[in-house]
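In what follows, a single structure is set out as structure tokens and then discussed.
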Amino acid sequence: MNGSVTPKGKKWYYVIYLGKINGQKKQKWSSSYNTKREAQRALRETLHQMDEGTYIEPTKETVGSYMVSWLAGRENSVEYNTFKKYRWLTEHHVVPNIGSIELAKLAPQHLQELYTTLLTKVSPTSKTGKPLSKRSVLHVHNMIHMALDQAVNWGMIHRNVSDVVKPPKPTEKEFQRLSSDELRHLLDETRKYRYGVAFFVTAMTGMRKAEVFGLRWQDVDLSAGVLRVRQTLQYVKGVGPVFKDTKTVNGRRDVAIDPVTMQQLRNHRKAQLEERLLMGHEYKEHDLVFSRNDGRPASYSTVDKERKKWVERSGVKYIVLHGLRHNHASDLIEQGESADVVSKRIGHARTSITMDIYVHPRPEQQVKAVNKYAENLFGEQKEQIRKDG
Numbered sequence: 001m002n003g004s005v006t007p008k009g010k011k012w013y014y015v016i017y018l019g020k021i022n023g024q025k026k027q028k029w030s031s032s033y034n035t036k037r038e039a040q041r042a043l044r045e046t047l048h049q050m051d052e053g054t055y056i057e058p059t060k061e062t063v064g065s066y067m068v069s070w071l072a073g074r075e076n077s078v079e080y081n082t083f084k085k086y087r088w089l090t091e092h093h094v095v096p097n098i099g100s101i102e103l104a105k106l107a108p109q110h111l112q113e114l115y116t117t118l119l120t121k122v123s124p125t126s127k128t129g130k131p132l133s134k135r136s137v138l139h140v141h142n143m144i145h146m147a148l149d150q151a152v153n154w155g156m157i158h159r160n161v162s163d164v165v166k167p168p169k170p171t172e173k174e175f176q177r178l179s180s181d182e183l184r185h186l187l188d189e190t191r192k193y194r195y196g197v198a199f200f201v202t203a204m205t206g207m208r209k210a211e212v213f214g215l216r217w218q219d220v221d222l223s224a225g226v227l228r229v230r231q232t233l234q235y236v237k238g239v240g241p242v243f244k245d246t247k248t249v250n251g252r253r254d255v256a257i258d259p260v261t262m263q264q265l266r267n268h269r270k271a272q273l274e275e276r277l278l279m280g281h282e283y284k285e286h287d288l289v290f291s292r293n294d295g296r297p298a299s300y301s302t303v304d305k306e307r308k309k310w311v312e313r314s315g316v317k318y319i320v321l322h323g324l325r326h327n328h329a330s331d332l333i334e335q336g337e338s339a340d341v342v343s344k345r346i347g348h349a350r351t352s353i354t355m356d357i358y359v360h361p362r363p364e365q366q367v368k369a370v371n372k373y374a375e376n377l378f379g380e381q382k383e384q385i386r387k388d389g
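In case it helps, full-length UniProt numbering puts the sequence shown at residues 1 to 389.
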């Protein structure tokens with residue numbers, strides 16, 4: 001089986017010769033390509049797929065239409081904030097740049113050019129007046145990779161071209177790691193604030209804010225020392241607070257708590273029940289562990305204001321609420337817990353995410369590590385080497 005490329009007007013096509021059927025020569029024509037090189041490359045790939053028996057008849061569907069349909073299928077399978085991020089990236093960055101390309105013709109260079117464009121040019125819909133950050137472009141890459149994987153599984157394309165495209169590596173943000181003394185002092189301040197126990201639980205479990213404030217008493221087992229993550233509290237624009245079931249297997253998990261945290265929750269439960277009696281019929285029952293004084297879901301803006309006062313009053317280095325999650329994962333790794341244990345505890349799909357993003361060793365750990373390495377390597381020779389030095 002062979003073929004050739006040929007121009008028609010300003011476009012290029014490839015033709016594959018399929019032999020003769022009933023005395024008539026049969027040919028297979030491709031759709032159009034902008035350059036001769038693109039048509040030649042497509043011809044080589046098609047002939048190879050036909051020889052290997054992996055050829056899939058190209059779909060006329062565009063990247064844009066496919067991404068929109070893929071996105072619609074994700075709405076009920078991921079958390080609301082994740083879906084909102086996917087929708088924003090798709091509508092404002094993927095579709096305007098590569099949406100018109102046929103899905104079957106999407107090539108690695110299209111994605112590489114997309115990433116370069118997003119990193120260097122300001123989108124017309126940008127609210128910041130700046131190009132996307134490396135981290136945002138990495139989110140674009142991961143989203144496209146998932147979408148193309150599904151297209152491969154559905155037999156729409158024969159390979160995921162994003163596999164061979166290297167996304168930008170985000171610049172690591174400086175993380176304010178707290179020492180044990182700083183964290184202990186910071187947690188002492190929680191007693192003075194309404195949502196203090198919520199801050200305490202965040203620091204001692206590594207749970208996400210939406211998980212902590214979506215926690216119900218029915219999901220708390222103080223006798224067993226377990227918090228069951230089953231729903232989250234999301235704030236949807238134009239709607240308000242919305243409770244969402246935990247979608248993923250990794251997000252839906254049981255988190256062990258220590259005796260100190262258990263006692264904090266018992267004290268909090270007692271105070272909350274007393275508050276409920278005072279409110280009477282005005283109390284709105286949602287079974288929430290952390291709520292407003294009338295039982296309604298906590299306001300995240302109020303929570304953030306309290307957190308700022310709490311941090312400032314403590315006098316320790318500034319830390320955001322999500323930073324307590326970072327701190328928890330880092331402390332567990334430092335004390336020798338396996339990445340697998342920590343990853344499952346904080347609800348990550350892969351241990352690589354935990355190690356790459358959430359683990360922040362202290363500088364003194366390097367000193368301790370290298371001194372231990374030298375001790376094991378040189379042993380008794382170490383002092384003599386230092387003297388000879």
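Ideal Cβ placement from N, Cα and C applies to all residues, glycine included.
Around the beta carbon of residue 105, 16 or more other beta carbons sit within 10 angstroms, so the residue counts as buried. C-alpha of residue 246 to C-alpha of residue 80: approximately 10 Å in a straight line. Going by DSSP, residue 84 is part of the alpha helix (DSSP H) stretching over 80–89. Rounded to whole angstroms, residue 143 and residue 86 show a C-alpha spacing of 7 Å.
Linking residue 64 to residue 90 through their CA atoms gives a straight-line distance of about 8 Å. Shown here for residue 195: same chain residues with a beta carbon closer than 7 Å to its own, the five before and five after excluded, namely 290, 298, 303, 306 in chain order. In this model, residue 203 and residue 271 are separated by some 21 Å (Cα to Cα). Across the structure, residue 326 and residue 166 are spaced so that their CA atoms are roughly 27 Å apart. Contact between residue 199 and residue 190 holds: their C-beta atoms lie close to 5 Å from each other, under 8 Å. Cβ-Cβ separation between residue 214 and residue 231: approximately 5 Å, consistent with a contact (criterion under 8 Å). Residue 10 and residue 156 have their C-alpha atoms roughly 28 Å apart.
Only residues of its own chain outside the window of five on either side were considered, and among them 316 have a CB closer than 6 Å to the CB of residue 182, listed in chain order.
As the crow flies, the alpha-carbon of residue 153 is around 9 Å from that of residue 159. Two segments are said to touch when three or more pairs of C-beta atoms, one from each, lie closer than 8 Å; by this definition the segment 106–126 touches the segment 135–151. Boundaries cannot be given for residue 76, as no beta strand (DSSP E) includes it and DSSP labels it neither H nor E.
When secondary structure is reduced to three states using DSSP, residue 225 falls in the coil class, being assigned neither helix nor strand. Cβ contact annotation for residue 310 (same chain, cutoff 8 Å, sequence separation greater than five): 186, 189, 190, 192, 193, 196, 199, in chain order. When rounded, the separation of the alpha-carbon atoms in residue 258 and residue 333 is 17 Å. In the DSSP assignment, residue 28 falls within the unbroken beta strand (DSSP E) covering 24–29.
The beta-carbon separation of residue 18 and residue 26, rounded to 4 Å, stays under the 8 Å limit for a contact. Excluding sequence positions up to five before and after residue 265, its CB lies within less than 7 Å of the CB of 197, 220, 222, all in the same chain and listed in chain order.
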